[in-house]
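Peer 1: If you read the protein sequences in the order shown, they are chains A and B. Under our numbering, think of the first position of the first sequence as 1, with each following residue one higher. Under our numbering, think of the first position of the second sequence as 1001, with each following residue one higher. Can you read through this structure? Questions will come right after.
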Amino acid sequence: MTTDVSGDVSAAVSLRGVRKVFGEVAAVDGVDLDVRDGEFFAMLGPSGSGKTTVLRMIAGFETPTEGSVRLGGRDVTGLAPFDRDVNTVFQDYALFPHMNVLANVEYGLKVKKVPAKERRERALQALRTVRLEGYDKRKPGQLSGGQRQRVALARALVNRPKVLLLDEPLGALDLKLREEMQVELKAIQRQIGITFLFVTHDQEEALTMSDRIAVFNAGRIEQVGTPAEVYERPASPFVAGFVGTSNLIEGQAALDILGREGVYSVRPEKLRVDTRLDAELPRDENSATGTVAEVVYAGAATRFVVDLDAGGRLVAVQQNLQASSMDVLKLRDARVRLAWRREHEFSITGPM
Amino acid sequence: MTSVTSPGGPVRRFAGLLHRRPSIRLAGLLSIPLLWLVVAYLGSLAALFVTAFWTTNEFTGDVVKVFDLGNFQDLVNESVYRTITLRSVGVAIAVTVIDSLVAFPMAFYMAKIASPRAQRWLVIAVLTPLWAGYLVKAYAWRVMFSGSGVLDWFLRPVGGHAPGYGLLATTITLAYLWLPYMILPIYAGLERLPNSLIDAAGDLGARSFRTFRTVVWPTVFPAAVAGSIFTFSLSLGDYIAVRIVGGRSQLIGNVVYDNVGTANNLPFAAAVATIPVAIMVIYLLAVRRTGALENL
């Protein structure tokens, strides 16, 4: 493995050749990663892909079996958590149950021997930032999930870390609250301007919140890029499938439909479903005919699962601009033609 | 007039009756334990208190069933009983302190460090001594403390010698006997403490000792108090260990025992026996504030 030992000096977080072996299983198997200063960075992957282990190695809860971890250019590979300038928002929030909200938020400052008055001011300021004024005397047990999440955030932010690590920060919240907190986290990050590095298995969360995403699979990083890059130009079939619906056209189908070999993918929303099989096709478009196997009406849009005549199966999503549920449901078993602009089909070059 | 009847045989009808009458169900569930609690337990405790106010005829040794405060006057006025009470409480406190000091690291290792497999084995290992006979263990310690015993054999090369039989030997033996009762509640308490809390403290800059003091201890303290109820009360009431390894030292337990046996003064034995009961009531009232009673 070739690794650049020095790392990127300007990077907030920099990993080089990091491996972590538990027993005989390599949870993290050679990860290089640079997170820029001030970035909102997501580590996305299914459970067991090693993303949380990477986060824990950056926080200092685990020591890498091999490789190095640098924070702001400083090698912290062997340092304990309390000697690192990062703070973590835990998945289960890990609020101290016997302390009230204020004591929880003040904890880090107290450890660092910040004078009582300043401590109090900064803690209350942090609680204002997360919109929890007036909750300082409550115990964690008296708060809702979303409020606990904010306390955990305030408790980490009050220490003004260089990097804030968030482990599935919104995983325990219900959908509505999660969407609210996504917007809020983003706003807070923009306001205080520190690097946020967060772990999630939710591709939508990663796409909506982050400046850049690293997609993890089986202990390795498959792709690093902006949400648009990762979504529009996935580097491997795994990324194509995990970030969105994979919609692969491969083998004989690729030859028949596109006239060339390889593995290609088109995102579901780029496909146009047409019941007129012989309608004229714009010059810059490709098309494939097939039979609708399944229609899923989802309010704003409808998902069509289409078995292609050439082999394979594509999912198409259409906005319900005019159609109602009655109309679309009639299309089950119907013959349709899927059409898409050539620029929206992309070849997947990565390992299968 | 037709009453509600369940279909089927008598068993089904009975089950139907139980279903319609929750009070009968409850009575069936609780009658035996309640009988046991009221008659065997509270009854004997009441008998103890009543007996404590009787006396014995000095010539015949027969129990005189007349209310009399003489036993308690003797207990208060004769300094030997105060000394014995203080000594017994001292031993019980020492046993509790030793057990908590030994139990905490052990329980911490079991709950937070050992692999799940090792964890199961360790719980069994901690429980095993409880399945062995009390006398076997006490006599094993007697052998160890004897002048030519294992302790002596170990300590001689470094210029020491076995402490012999006495209060120290009693304390050590009792601490050994009751240790599992301290380890298990603390282990259970630590099991309930999420690892992420320990991580969070470290993440916020706290080193090990501070994490222990501010995060681990406050959550485990009630569990330790729960354990101390066992070690304290069992030590306070014990009369066998002190007879086996205690030499000529006297604790409350043996005073009771001697008055039941050799002195044949049941009323006085009953009066002495109320001392540990009273101490335990005070102790339980004191620990109730810590929330330990929810940890039992």
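Glycine included, every Cβ here is placed at the ideal spot set by N, Cα and C. Since this is a predicted model, take the numbers as computed values, not measurements.
Starting from Val1215(B), find everything on chain A with Cβ-Cβ shorter than 8 Å and list it in chain order.
Peer 2: What Val1215(B) touches in chain A: Phe96.
Peer 1: Roughly how many angstroms lie between the CA atoms of Thr1060(B) and Gly1070(B), to the nearest whole one?
Peer 2: 18 Å
Peer 1: Apply the 10 Å Cβ neighbour rule to Gly60(A) and answer buried if 16 or more other Cβ atoms are within range, or exposed otherwise.
Peer 2: buried
Peer 1: So which residues on chain B does Thr88(A) lean against when the C-beta distance must stay under 8 Å?
Peer 2: Asp1199, Ala1200 and Asp1203
Peer 1: For the beta strand (DSSP E) containing Gly23(A), name the first residue and the last one.
Peer 2: For Gly23(A), no beta strand (DSSP E) segment is defined, and its DSSP state is neither H nor E.
Peer 1: Please state the DSSP three-state secondary structure of Gln318(A).
Peer 2: In the three-state scheme derived from DSSP, where H, G and I count as helix and E and B as strand, Gln318(A) is classed as strand.
Peer 1: With three or more beta-carbon pairs closer than 8 Å as the criterion, would you say the segment 256 to 273 of chain A touches the segment 337 to 345 of chain A?
Peer 2: Yes: at least three Cβ pairs fall under 8 Å.
Peer 1: According to DSSP, simplified to helix, strand and coil, what is Leu1236(B)?
Peer 2: If DSSP states are grouped into helix, strand and coil, Leu1236(B) belongs with the helices.
Peer 1: Compare the beta carbon distance of Leu248(A) and Ser236(A) with 8 Å and say whether it is the shorter of the two.
Peer 2: no
Peer 1: If you drop the 5 nearest sequence neighbours on each side, which residues of the same chain put their C-beta closer than 6 Å to that of Arg1289(B)?
Peer 2: none
Peer 1: DSSP on Asp1199(B), reduced to helix/strand/coil?
Peer 2: helix
Peer 1: Report the neighbours of Val111(A) on chain B: residues whose CB is nearer than 7 Å to its CB, in chain order.
Peer 2: Leu1204, Gly1205, Ala1206 and Arg1210
Peer 1: Roughly how many angstroms lie between the CA atoms of Asn104(A) and Asp1152(B), to the nearest whole one?
Peer 2: 52 Å
Peer 1: Quickly, what does DSSP pair Arg70(A) with across the bridge? List them, please.
Peer 2: Ser14(A) and Asp75(A)
Peer 1: From Tyr1257(B) to Ala1263(B), what distance separates their C-alpha atoms?
Peer 2: C-alpha of Tyr1257(B) to C-alpha of Ala1263(B): approximately 9 Å in a straight line.
Peer 1: Out of Val151(A), Ser347(A) and Tyr297(A), point me to the one whose CA is closest to Ala1200(B)'s CA.
Peer 2: Val151(A)
Peer 1: Beta strand (DSSP E) containing Ile221(A): first to last residue?
Peer 2: Arg220 to Gly225
Peer 1: Using C-beta distances below 6 Å, list every residue in its chain close to Gln189(A), excluding the 5 sequence neighbours before and after it, in chain order.
Peer 2: Phe40 and Phe196
Peer 1: Buried or exposed for Ser49(A), please, with buried defined as at least 16 other CB atoms from any protein chain shown within 10 angstroms of its CB.
Peer 2: buried
Peer 1: For Glu39(A), list the residues DSSP reports as bridge partners.
Peer 2: According to the DSSP secondary-structure assignment, Glu39(A) is paired through a beta bridge with no residue.
Peer 1: Can you tell me whether Pro1180(B) is buried or exposed, with buried defined as 16 or more other CB within 10 angstroms of its CB?
Peer 2: buried
Peer 1: Let me know the secondary structure DSSP gives Ser1044(B) once reduced to three states.
Peer 2: helix
Peer 1: Can at least three beta-carbon pairs, one atom from the segment 1233 to 1247 of chain B and one from the segment 1048 to 1062 of chain B, be found at a separation below 8 Å?
Peer 2: no
Peer 1: How is Trp1054(B) classed by DSSP in three states: helix, strand or coil?
Peer 2: coil
Peer 1: By DSSP, does Leu185(A) sit in helix, in strand, or in coil?
Peer 2: helix
Peer 1: Are Asn286(A) and Ile257(A) closer than 8 Å when you measure CB to CB?
Peer 2: yes
Peer 1: Given Trp1178(B), which residues of its chain have a CB within under 7 Å of its CB, disregarding the five upstream and five downstream residues?
Peer 2: Val1095, Asp1099, Phe1230, Thr1231, Leu1234 and Ser1235
Peer 1: Evaluate contact between the segment 1206 to 1216 of chain B and the segment 1131 to 1150 of chain B, counting only Cβ atoms and requiring at least three cross-stretch pairs below 8 Å.
Peer 2: no
Peer 1: May I ask whether a heavy atom of the ligand MN can be found less than 7 Å away from the beta carbon of Thr302(A)?
Peer 2: As presented, the structure is devoid of all ligands, the ligand MN included, so that no description of it is given.
Peer 1: Would Glu201(A) be called buried (16 or more neighbouring beta carbons within 10 Å of its own) or exposed?
Peer 2: A small fix is needed here, since residue 201(A) is His in this sequence, not Glu. Flag for His201(A) reads buried.
Peer 1: For Ala27(A), which three-state DSSP category applies?
Peer 2: strand
Peer 1: Taking the beta carbon of Thr52(A) as the centre, do at least 16 other beta carbons fall within 10 Å, making it buried, or is it exposed?
Peer 2: buried
Peer 1: Provide the residue(s) that pair with Ile249(A) in DSSP beta bridges, ordered along the chain.
Peer 2: Tyr264(A)
Peer 1: Can you find a C-beta in chain B that's less than 8 Å from the C-beta of Arg120(A)?
Peer 2: no
Peer 1: Taking 8 Å as the cut-off, decide whether the C-beta atoms of Val1091(B) and Leu1167(B) are in contact.
Peer 2: yes
Peer 1: Could you tell me the boundaries of the alpha helix (DSSP H) in which Phe90(A) lies?
Peer 2: Looking at the DSSP string, Phe90(A) is not in any alpha helix (DSSP H), and its letter there is neither H nor E.
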